[in-house]
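Colleague: Encoded as structure tokens, here's the structure I'll be asking about.
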Amino acid sequence: MNLTVDVTNKDKVTTVSLAGEVDAFTAPKLKDTLLPLTKEDGQTIEVDLQEVNYMDSTGLGVFISALKSTKEHDTNLKLVQMQDRVHRLFKITGLTEIMDIDNTVRGGM
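Under our numbering, think of the first position of the sequence shown as 147, with each following residue one higher.
So, in structure tokens, the structure goes:
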């Protein structure tokens, strides 16, 4: 499956809506979109994962890189509306402790 990335801006909030799978094949596309956004001072980047039904460690790596970049550039990264199976991946790896993840977890697969 492919990954669709849709970016919208409103004031100082950029929403990145994802749909599909984040894996070794699609992660570079996400990284190319997400990392430049984290370098805009004062920006909040909200990543909507509602339509992401699969993510592997490559996808996690993109979010870790984005988090590191936000700390270097005084921006904020928030992950919202994760499906249960994706949220479990973040929880197992301990990323729920260091990342801003909206606690509204969507069920289903």
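Glycine included, C-beta positions come from ideal geometry on N, C-alpha and C.
All values reported here derive from a predicted model rather than from experimental measurement.
Can you tell me where the beta strand (DSSP E) with Gly188 in it begins and where it stops?
Modeller: In the sequence shown, residue 188 corresponds to position 42, counting from 1. Unbroken run through Gly188: none, as it is neither H nor E.
Colleague: If you count every other CB in all the chains shown that lies within 10 Å of the CB of Thr154, and 16 or more means buried, which is it?
Modeller: Indexing the sequence shown from 1 puts residue 154 at position 8. Counting Cβ neighbours within 10 Å, Thr154 comes out exposed, since fewer than 16 surround it.
Colleague: Going by beta-carbon coordinates alone, are Thr190 and Val159 separated by less than 9 angstroms?
Modeller: Looking up residue 190 in the sequence shown gives position 44. Looking up residue 159 in the sequence shown gives position 13. For Thr190 and Val159, yes; Cβs fall inside 9 angstroms.
Colleague: Which whole-angstrom value is the C-beta distance of Ala165 and Glu197, which I expect to be below 8 angstroms?
Modeller: Reading the sequence shown from its first residue, position 19 is the one you call residue 165. Reading the sequence shown from its first residue, position 51 is the one you call residue 197. Indeed they touch by this definition, with Cβ atoms about 4 angstroms apart.
Colleague: Using a 10 Å radius around the Cβ and a threshold of 16 neighbouring Cβ atoms, would you call Gly254 buried or exposed?
Modeller: Position 108 of the sequence shown, counting from 1, holds the residue named residue 254. Below a pLDDT of 50, predicted positions are generally treated as unreliable, and Gly254, at 43, falls in that range; no measurement from the model is reported.
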